[in-house]
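See below for the structure under consideration.
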Amino acid sequence: RNNPSETPLQAIGYKEVLGYLRGELGLDETKLLVKRATKRYAKRQFTWFKKEEGIQWVDITGLFSPEEVFEKVEGEAGTLNRLTSFQGG
35 RNNPSETPLQ AIGYKEVLGY LRGELGLDET KLLVKRATKR YAKRQFTWFK KEEGIQWVDI
95 TGLFSPEEVF EKVEGEAGTL NRLTSFQGG
């Protein structure tokens with residue numbers, strides 16, 4: 035098991051930015067590596083979520099502000115709660 039004090043060192047981009055600060059990587063290469071690590075992490079998350087039962091996906095296509103996304107998710111959660119209550123779940 036990981037030491038809790040080591041956990042921040044595993045954050046996406048930490049290793050890459052540290053390499054940049056040490057002069058081991060250029061800025062463009064650092065950006066590329068951080069983007070790549072972020073995409074890989076997102077892909078792993080998506081794969082994990084697809085296997086989980088009961089996940090309620092919310093389509094936020096076309097929404098740009100955090101407020102719009104929050105309102106959409108809040109509305110979907112309310113609908114789901116009403117359906118669950120109605121079905122006796």
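This note's numbering numbers the first residue of the sequence shown as 35 and each following residue consecutively.
Even for Gly, the Cβ is constructed at its ideal location relative to N, Cα and C.
Could you tell me whether the Cβ of residue i comes closer than 7 Å to any Cβ of chain C?
i   : result
E58 : Among the protein chains of the structure shown there is no chain C, as only one such chain exists.
Have a look at the options and flag the residue whose alpha-carbon is nearest the alpha-carbon of residue i.
i   : options               : result
R70 : E87, E50, R56 and T81 : E50
What would DSSP say about residue i, mapped onto helix, strand or coil?
i   : result
W91 : coil
A76 : helix
L55 : helix
L97 : coil
A45 : coil
Could you check if residue i belongs to the surroundings of the ligand MG, using beta carbon to heavy atom distance under 6 Å?
i   : result
E50 : Looking at this structure, you won't find the ligand MG or any other ligand, since it has none at all.
Is the stretch 67-81 close to the stretch 42-56, with three or more CB pairs under 8 Å? yes
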